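**Q** Starting off with a structure, shown below.
Numbering (the working numbering), first residue to last: 11 to 149.
Have a look at this one:
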């Protein structure tokens with residue numbers, strides 16, 4: 011039995027790129043805001059040497075490894091709780107996942123971003139990015 015994990019973050023931080031790397035999927039991952047308009051799902055088997063050792067010893071008819079389902083969730087935007095962007099649909103996907111990985115972007119103050127240009131203030135950039143995400147999740 012596996013679990014699922016949502017990949018979340020602001021628009022255009024690389025969520026779909028990470029999703030493609032983890033799942034060997036080929037979903038669209040481009041450098042413009044709202045490239046992902048809906049969620050993507052991909053299943054990955056978790057390698058476990060202990061499971062293989064047990065299967066070698068007891069020779070079961072079949073061996074079923076655990077899995078992780080990754081969910082690439084479209085970017086969170088300001089006022090999502092009011093229905094902007096994917097709005098409540100986005101928040102619904104967050105409620106459905108067992109865990110989530112939050113992606114933040116560092117160091118590229120010229121990157122395209124849905125909220126316009128975000129000021130980069132060195133190390134504070136990641137904290138500001140994370141504060142936006144955590145604030146929205148707590149609303």
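Even glycine gets a Cβ: it sits at the ideal position worked out from N, Cα and C. On a predicted model such as this, the values are computed, not experimentally measured, just so you know.
Three or more C-beta pairs under 8 angstroms: does that hold for the stretch 28-44 against the stretch 58-67?
**A** Contact fails: fewer than three Cβ-Cβ distances are below 8 angstroms.
**Q** Could you tell me the distance, in whole angstroms, from the CA atom of residue 51 to the CA atom of residue 71?
**A** Going from the Cα of residue 51 to the Cα of residue 71 covers about 29 angstroms.
**Q** Judging by CA-CA distance, which residue of 29, 13 and 55 is the nearest neighbour of residue 83?
**A** Looking at the Cα atoms, 29 is the closest of the given residues.
**Q** From residue 13 to residue 49, what distance separates their C-alpha atoms?
**A** Using only the alpha carbons, I get a separation of about 17 angstroms.
**Q** Once you ignore the five residues that flank residue 15 on each side, which residues in its own chain have a CB closer than 8 angstroms to its CB?
**A** So the qualifying residues of the chain are 78, 79, 80, 81, 107, 108, 109, 110 and 111.
**Q** Rounded to whole angstroms, what's the CA-CA distance from residue 20 to residue 85? Just pull it up for me.
**A** Spanning the two alpha carbons is a distance of roughly 5 angstroms.
**Q** Could you give the first and the last residue of the continuous alpha helix (DSSP H) run that contains residue 44?
**A** Careful: residue 44 lies outside any alpha helix (DSSP H) and carries neither H nor E.
**Q** So is residue 46 buried or exposed if we call it buried at 16+ other beta carbons inside 10 Å?
**A** With 16 or more other Cβ atoms within 10 Å, it is buried.
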